[in-house]
Amino acid sequence: MQRLTMKIATLFAILGISAHLVQGQNAPAGAASAGVIASGFIGDPLPTPSVHASTIVQADKTLLAAWFGGTEEGARDVVIWMSRNEGNGWSKPEEVANGVYEQQRIQYPCWNPVLHRLENGSLVLWYREGPSPVKWWSLMKTSNDGGRTWSKAERLPMNLLGPIKNKPVQVGDTLLCGSSVENDGWRVYIERSRRPLVDQSWYKSEPLNRSVDYGAIQPTILAWPDGNVQVLCRTRQDVITEAWSSDKGAKWSRMRPVGLPNPNSGIDAVMMHDGRALLVYNHTTEGRGTLNLAVSADGRRWLAAGVLENTPGSEFSYPAVIQSDDKMVHVTYTWKRQKIKHAVIDPSQLSTREIVDGEWPK
Numbered sequence: 001m002q003r004l005t006m007k008i009a010t011l012f013a014i015l016g017i018s019a020h021l022v023q024g025q026n027a028p029a030g031a032a033s034a035g036v037i038a039s040g041f042i043g044d045p046l047p048t049p050s051v052h053a054s055t056i057v058q059a060d061k062t063l064l065a066a067w068f069g070g071t072e073e074g075a076r077d078v079v080i081w082m083s084r085n086e087g088n089g090w091s092k093p094e095e096v097a098n099g100v101y102e103q104q105r106i107q108y109p110c111w112n113p114v115l116h117r118l119e120n121g122s123l124v125l126w127y128r129e130g131p132s133p134v135k136w137w138s139l140m141k142t143s144n145d146g147g148r149t150w151s152k153a154e155r156l157p158m159n160l161l162g163p164i165k166n167k168p169v170q171v172g173d174t175l176l177c178g179s180s181v182e183n184d185g186w187r188v189y190i191e192r193s194r195r196p197l198v199d200q201s202w203y204k205s206e207p208l209n210r211s212v213d214y215g216a217i218q219p220t221i222l223a224w225p226d227g228n229v230q231v232l233c234r235t236r237q238d239v240i241t242e243a244w245s246s247d248k249g250a251k252w253s254r255m256r257p258v259g260l261p262n263p264n265s266g267i268d269a270v271m272m273h274d275g276r277a278l279l280v281y282n283h284t285t286e287g288r289g290t291l292n293l294a295v296s297a298d299g300r301r302w303l304a305a306g307v308l309e310n311t312p313g314s315e316f317s318y319p320a321v322i323q324s325d326d327k328m329v330h331v332t333y334t335w336k337r338q339k340i341k342h343a344v345i346d347p348s349q350l351s352t353r354e355i356v357d358g359e360w361p362k
């Protein structure tokens with residue numbers, strides 16, 4: 001116990017989290033919340049009244065988080081904000097992208113930033129601009145100094161949207177981006193490239209779903225140790241769906257449900273160093289008042305592993321999850337549309353239980 005206490009204290013010092021232990025916090029009776037060792041708000045107080053859709057990445061020993069914020073989702077003053085944590089707490093958020101076009105005297109709202117570190121160390125920030133998800137387009141910025149400065153925004157070709165919510169995944173020599181559209185019956189695509197900073201090198205898959213079966217968007221990608229690749233998707237049908245590929249994302253199986261409920265809300269997952277996958281999602285079909293953790297050793301059987309939030313009538317949504325070099329898992333998510341919360345999880349401390357017929361264990 002003393003070693004665990006020292007480990008937690010060291011973690012707090014490194015991350016600079018103004019945090020508290022959260023084992024059991026906001027969890028229903030008997031919920032397995034072991035492993036969630038810390039949580040706190042990012043850049044609090046925030047410069048805008050409304051925030052959503054965070055993303056997180058590790059750059060050397062620094063964590064960076066970004067999100068969109070403004071008066072409210074879809075308002076013209078919504079821009080992309082970013083905060084850094086170099087070991088002394090989260091920095092004051094700074095604006096890193098906006099939809100201002102001075103010559104046209106117009107400002108479009110921004111949406112869904114995605115941060116990713118390439119194999120060469122460069123950081124990429126993808127994000128959306130436009131009046132709505134039905135009519136938006138994607139842009140990209142890069143950084144070669146750990147996110148301290150960013151290049152000018154470049155608009156992606158019209159047939160590409162880049163990673164639409166969740167981080168890309170490197171599979172061999174190919175970078176896979178989970179993309180989707182909401183103006184064509186909610187369809188999921190995979191964009192892949194061996195040279196991700198070159199527009200002409202991108203290849204877009206055929207739709208992974210038929211909208212008459214499942215209206216799916218916002219895939220998260222898992223590259224399993226056996227070489228198979230899995231995507232998990234949010235759907236209009238209040239279930240999480242999956243598709244599989246055995247050839248680095250070139251061809252995909254037909255989409256089907258995985259047996260987990262979801263209230264048509266964003267999800268994210270990460271393949272951990274121990275060979276298991278961790279999924280963060282709302283395990284309910286009624287609202288976004290609970291945010292859950294599940295783990296799997298094969299992508300087919302998911303076990304309940306913890307509860308980050310559980311307050312019916314509130315909103316805890318749009319998680320982003322990574323695992324840092326020290327093997328700690330970091331989750332950021334929208335907290336009541338007012339703040340961005342950051343939770344730290346020690347996967348070695350997770351306690352799992354069976355999910356029977358889609359019901360979270362009591």
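Numbering (my numbering), first residue to last: 1 to 362.
All C-beta atoms, glycine included, are put in the ideal place defined by N, C-alpha and C.
Predicted, not measured: the structure shown is a model, and the values here were computed from it.
Say whether the stretch 180-199 touches the stretch 269-281, bearing in mind that this needs 3 or more beta-carbon pairs closer than 8 Å, one atom from each stretch.
-> no
DSSP state of Q218, grouped into three classes?
-> Position 218 of the sequence shown holds residue 218. Q218 falls in the strand class under three-state DSSP.
For Q200, which of helix, strand or coil comes out of DSSP?
-> Here residue 200 is taken as the residue at index 200 of the sequence shown, counted from 1. If DSSP states are grouped into helix, strand and coil, Q200 belongs with the helices.
What's the gap between the Cα of Q349 and the Cα of G35?
-> Residue 349 sits at position 349 when you count from the first residue of the sequence shown. Residue 35 sits at position 35 when you count from the first residue of the sequence shown. Each residue's alpha carbon lies about 4 Å from the other.
Whether W81 touches T48 by CB criterion (9 Å) | Here residue 81 refers to the residue found at position 81 when the sequence shown is read from its first residue. Here residue 48 refers to the residue found at position 48 when the sequence shown is read from its first residue. Yes; because the gap between Cβ atoms is below 9 Å, this pair is in contact.
Inter-residue Cα distance where the pair is S253 and V78 = Mapped onto the sequence shown, residue 253 falls at position 253. Mapped onto the sequence shown, residue 78 falls at position 78. The straight-line gap from Cα to Cα measures roughly 37 Å.
The stretch 114-121 contacting the stretch 99-106, beta-carbon criterion three pairs below 8 Å | no
Secondary structure, beta strand (DSSP E): runs of 3+ residues fully inside the stretch 98-165 | 99-101, 106-108, 110-117, 123-129, 137-143
Quick one: Cα of G404 to Cα of I190, how far?
-> For residue 404 there is no data in the structure shown, the boundaries of the chain being 1 and 362.
Got a sec? Which residues, its chain only, sit under 8 Å from S324 by beta carbon, not counting five neighbours each side?
-> For this step, residue 324 is matched to residue 324 along the sequence shown. If we look at S324 and ignore the five residues flanking it on each side, its Cβ neighbours are Q58, L63, H330.
Flag this pair as yes or no: are the beta carbons of H283 and L260 separated by less than 9 Å?
-> Here residue 283 refers to the residue found at position 283 of the sequence shown. Here residue 260 refers to the residue found at position 260 of the sequence shown. Against a cut-off of 9 Å, the Cβ pair of L260 and H283 comes out as a contact.
May I ask which residues mark the beginning and end of the beta strand (DSSP E) holding A297?
-> Taking the first residue of the sequence shown as 1, we reach residue 297 at position 297. Counting along the chain, A297 falls outside any beta strand (DSSP E), and DSSP gives it neither H nor E.
Inspect the beta-carbon positions of L123 and V114 and report whether they are closer than 9 Å.
-> Position 123 of the sequence shown, counted from the first residue, corresponds to residue 123. Position 114 of the sequence shown, counted from the first residue, corresponds to residue 114. Result no, Cβ atoms of L123 and V114 do not sit closer than 9 Å.
Exposed or buried, which one is S151 when buried takes at least 16 other CB atoms within 10 Å?
-> Here residue 151 refers to the residue found at position 151 of the sequence shown. Its Cβ having fewer than 16 others within 10 Å, S151 is exposed.
So is T235 buried or exposed if we call it buried at 16+ other beta carbons inside 10 Å?
-> As a working note, residue 235 is residue 235 in the sequence shown. The residue in question, T235, is buried, as its Cβ has 16 or more Cβ neighbours within 10 Å.
May I ask you to list the residues that DSSP assigns as paired with S245?
-> Numbered from its first residue, the sequence shown carries residue 245 at position 245. V229.
Name the residue from E286, T352, P133, K336 whose alpha carbon lies nearest to the alpha carbon of D184.
-> As a first step, residue 184 is located in the sequence shown; it is residue number 184 there, counting from the start. Comparing Cα-Cα distances from D184 to each of E286, T352, P133, K336, the minimum goes to P133.
Under the three-state DSSP convention, the category A32 falls into | To locate residue 32, count along the sequence shown from 1; it is residue 32. With a pLDDT of only 38 at A32, under 50, the local geometry of the prediction cannot be trusted, and the value read off the model is given with reservation. Looking at A32 - three-state DSSP - the assignment turns out to be coil, as it is neither helix nor strand.
Alpha carbon to alpha carbon, what distance is there between P131 and G146?
-> Looking up residue 146 in the sequence shown gives position 146. Looking up residue 131 in the sequence shown gives position 131. About 31 Å.
Decide yes or no for the touch test of the stretch 309-324 against the stretch 285-293: beta carbon pairs closer than 8 Å, at least 3 of them.
-> yes
What is the rounded straight-line gap between the Cα of A97 and the Cα of L160?
-> Against the sequence shown, residue 97 aligns to sequence position 97. Against the sequence shown, residue 160 aligns to sequence position 160. Cα-Cα distance, rounded: 19 Å.
The beta strand (DSSP E) with W302 in it runs from where to where?
-> Here residue 302 is taken as the residue at index 302 of the sequence shown, counted from 1. W302 -> beta strand (DSSP E) spans 302-310.
Where the beta strand (DSSP E) containing R192 begins and where it ends | Residue 192 sits at position 192 when you count from the first residue of the sequence shown. Segment 187-193, the beta strand (DSSP E) holding R192.
Boundaries (first-last residue) of the beta strand (DSSP E) holding V181 = The residue given as residue 181 occupies position 181 in the sequence shown. Residues 174-181.
Should E359 go down as buried or exposed, given a rule of 16 or more other Cβ atoms within 10 Å for buried?
-> Taking the first residue of the sequence shown as position 1, residue 359 is located at position 359. E359 should be labelled exposed.
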